[in-house]
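Asks:
In the UniProt record's numbering, the protein residues as written are 1 to 819.
#1: Along the alpha helix (DSSP H) that carries residue 133, what are the first and last residues, could you check?
#2: From the DSSP output, which residues share a beta bridge with residue 213?
#3: Helix or strand or just coil, what does DSSP make of residue 718?
#4: Closest by CA to residue 63, which one among 131, 629, 155, 251?
#5: Suppose the cutoff is 8 Å on Cβ atoms and the five residues either side in sequence are ignored; what does the same chain contact list for residue 165 look like?
#6: Starting from residue 685, follow the beta strand (DSSP E) in both directions and report where the run begins and ends.
#7: So, at 6 Å on beta carbons, what are the nonlocal neighbours of residue 542 in its own chain, with the 5 sequence-adjacent residues on each side left out?
#8: To the nearest angstrom, how far is the alpha carbon of residue 341 from that of residue 335?
#9: Should residue 769 go down as buried or exposed, given a rule of 16 or more other Cβ atoms within 10 Å for buried?
#10: Can you look up residue 811 in the DSSP assignment and give me helix, strand or coil?
#11: Quick check on DSSP: helix, strand or coil for residue 512?
#12: List the DSSP bridge partners of residue 705.
#13: Compute the distance between the beta-carbons of residue 134 and residue 96, then report whether it is under 8 Å.
#14: Could you tell me whether the region 383-401 touches the region 49-67, where touching means 3 or more Cβ pairs closer than 8 Å?
#15: Quick check on residue 162: does DSSP put it in helix, strand or coil?
#16: Can you name, in chain order, every residue of its own chain whose Cβ lies under 8 Å from the Cβ of residue 528, other than the five neighbours on each side?
#17: Exposed or buried, residue 637, counting other C-beta atoms within 10 Å across all chains shown (16 or more means buried)?
#18: So, for residue 814: in the same chain, excluding its five sequence neighbours on each side, which residues have a beta-carbon less than 6 Å away from its beta-carbon?
#19: According to DSSP, is residue 617 part of a helix, a strand, or is it coil?
#20: Less than 8 Å between the beta carbons of residue 331 and residue 228, yes or no?
#21: In the structure shown, what three-state DSSP assignment does residue 817 receive?
#22: Between 547, 534, 230, 269, which lies nearest to residue 519 when the distance is taken from Cα to Cα?
#23: Tell me the DSSP secondary structure of residue 365 in three-state form.
#24: Kindly list the residues whose CB is nearer than 7 Å to the CB of residue 214, restricted to its own chain and excluding five residues on each side of it in sequence; keep chain order.
#25: If you draw a straight line from the alpha carbon of residue 809 to that of residue 721, how long is it in whole angstroms?
#26: Are three or more beta carbon pairs between the region 745-759 and the region 696-710 nearer than 8 Å?
#27: Classify residue 711: buried if its beta carbon has 16 or more other beta carbons within 10 angstroms, exposed otherwise.
#28: Any contact of the region 373-389 with the region 421-430, i.e. 3+ C-beta pairs under 8 Å?
#29: Could you check the C-alpha separation between residue 771 and residue 125 for me, to the nearest Å?
#30: If you check the beta carbons only, do residue 613 and residue 42 fall under 8 Å apart?
#31: Relative to the C-alpha of residue 170, which candidate in 693, 344, 508 has its C-alpha closest?
#32: Using a Cβ-Cβ cut-off of 8 Å (strictly less than) and excluding sequence neighbours within five positions of residue 451, which residues of its own chain qualify?
#33: Where residue 670 and residue 437 are concerned, what is the direct C-alpha to C-alpha distance, given to the nearest angstrom?
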């Protein structure tokens, strides 16, 4: 068929690195050109299609993209050693910054993945200090272990399709994976919102390692089962499953689903009844029996092993066959068929073929699928039988996993081509591209986590919220791992940021969304969509109270269509990229990294001249967010505390209950640890102010200093003398406008308000009480002000962030280089 031949031609050019050819942007242009009716909203969609790819952090992929919170983030955290988070040190004191992994002039796409398991994810986070990436994520390959590969990133020049995709639709830059783990736990959250057999029982073992999940017959309920019970149509599309079907050599990487369909691991789906697996077992038994009868030269050990295998195969075939499958409950038969939809209708779906082609006067060859890896999905779209909810699961070679050359752009573009071939289908489709985890790649934003509800010194939560099930305690980890020497005690998540781009007629325009999302946000979106669309309640009951509160449901991504909107993106010329693709395999190792003088870096501040941010200049349209955030502080000498009040206001448009996560850190030595960098975590429910007090005597200095970070660049810094009482200072938004008010009472000092970043005029006050409004329209609602007192040289309160008005705005102009 023509589509298969087109793929073969393209694949022959993709044998080395990323897909960067003109057809990819053409698929995006076609999607942009199709308009849904004016007046329609995302609730007029009829098809939701999810594609979860593999193992890329947000900074690694999109840290240089214009408008996102990437490498030019002005509110990036500072490590306990005083260096900005960009400048990571190894255990020898060597300092490295992010550097570009050049796909054309290095063999980076052929170097495999970095450590990406529970233990090293927790190590990289390091209780929120974010200062151990180089050691936690050191390459296991001794040829590469001296390189700071975790700090490597790609730019538009390397992965132009992905940048064009984000420029065309909406990218989410506060999207986190669900857990500090590898693939299987994160995908369990994606499919079921849980990694425990008893999701709300903290003593039920947390399945944080792949080996606890993969083909272990786990049993907790999944969201597709809930869809089935509610009568909502759904399917999971893949070329073939990962359970053995007889693949050999490269066939597994090109044709199977890379164990990325977690439903294979749930006992209620009965994966071993999969027809191709049953057929394989029979063929395997015939081969074993033939060898036993003919190979008389085999030694006793080999014969014994073959005999045991034959016995096991006979038992398995007796248990898993067509007749036994028919005896299953009808619901279990149905979810089995839908979860394991393969391309068995294509006679070549289990085969590869070799293509030869000429590259720089040299004949080369590459093995590629002989069949159509989208066969069934393509057929359902063509026949207009696509279900309400679809999940696509790519083979390893198309999964974007660093352990495989980066062919994923072809898979995404082909999915778009299929969906846009019939404009009437695309007019009613939402396509969600997400990633399961960050592999070993650095991301500069510390993931938001809950305070432990039984540990008051870990922060604070809304009244009545329990979060023990969001943690693995030291005792639980030792029991789970069987390692009595383990020192690991950690929250499960959120994990680090990963890309999320949502393509649809209602998310066009190259916007940036900065609401907090995780992998369970897709399930929350389906809950909302199905309730509104079908008037059916399909709730994911496994979802924890904390995640449901702080992780959005994706609805802020979409805008109703009020007029026909034309979006133009830059084309990518195939000839600029094709020649370098296959040759990259033979190129040198990456060499763009260099040691940095840490002393000079510390002295030059966060915007170090020793490492220039590579992020693109400019701003983008920012989606309206349901956040109205306020944090204020005051010293109470009578109690000897710094009292901080957190508030999340009401009144902005929203489709769910809103809670906002924050984390705080002290750059000063604090408490019994007597070392800088202690962290606290906070969750604030809308309309319920939260007050937290830091005892002043726990700060070892003559000063106190607390920094607080929230979503979308929200920042507070409270610093001052432990012996001076402060005025009651309140900084907050003025009635949903792009103005901020600075108000104080009980003022006994000469205060000065200074704009640090956006060119606003400051003001000085000496009155006992005052109220002053600062208009922020010129900076699109972004602010960064400092309040100081002439009588106290230590006093400095800094307030920064963005004011939400319920309308779309612009991304941070300071981050865009427009300061």
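Even glycine gets a Cβ: it sits at the ideal position worked out from N, Cα and C.
Replies: Looking at the atomic coordinates:
#1: 133-136
#2: Its beta-bridge partners do not exist; DSSP assigns none.
#3: strand
#4: 155
#5: 28, 412, 433, 501, 503
#6: 679-685
#7: 192, 193, 194, 199
#8: Each residue's Cα considered, the two are about 10 Å apart.
#9: exposed
#10: Three-state result, residue 811: coil.
#11: strand
#12: 719
#13: yes
#14: Yes, the region 383-401 touches the region 49-67.
#15: helix
#16: 553, 555, 655, 656
#17: By the 10 Å Cβ count, residue 637 comes out exposed.
#18: 74, 757
#19: coil
#20: yes
#21: coil
#22: 547
#23: strand
#24: 184, 259, 265
#25: 38 Å
#26: no
#27: Counting other Cβ atoms within 10 Å of its Cβ, residue 711 reaches 16 or more and is therefore classed as buried.
#28: yes
#29: 41 Å
#30: No, the pair does not count as a contact, with Cβ atoms beyond the cut-off.
#31: Just measuring C-alpha positions, the residue of 693, 344, 508 sitting nearest residue 170 is 508.
#32: 458, 459, 460, 461, 467, 680, 681, 682, 683
#33: 33 Å
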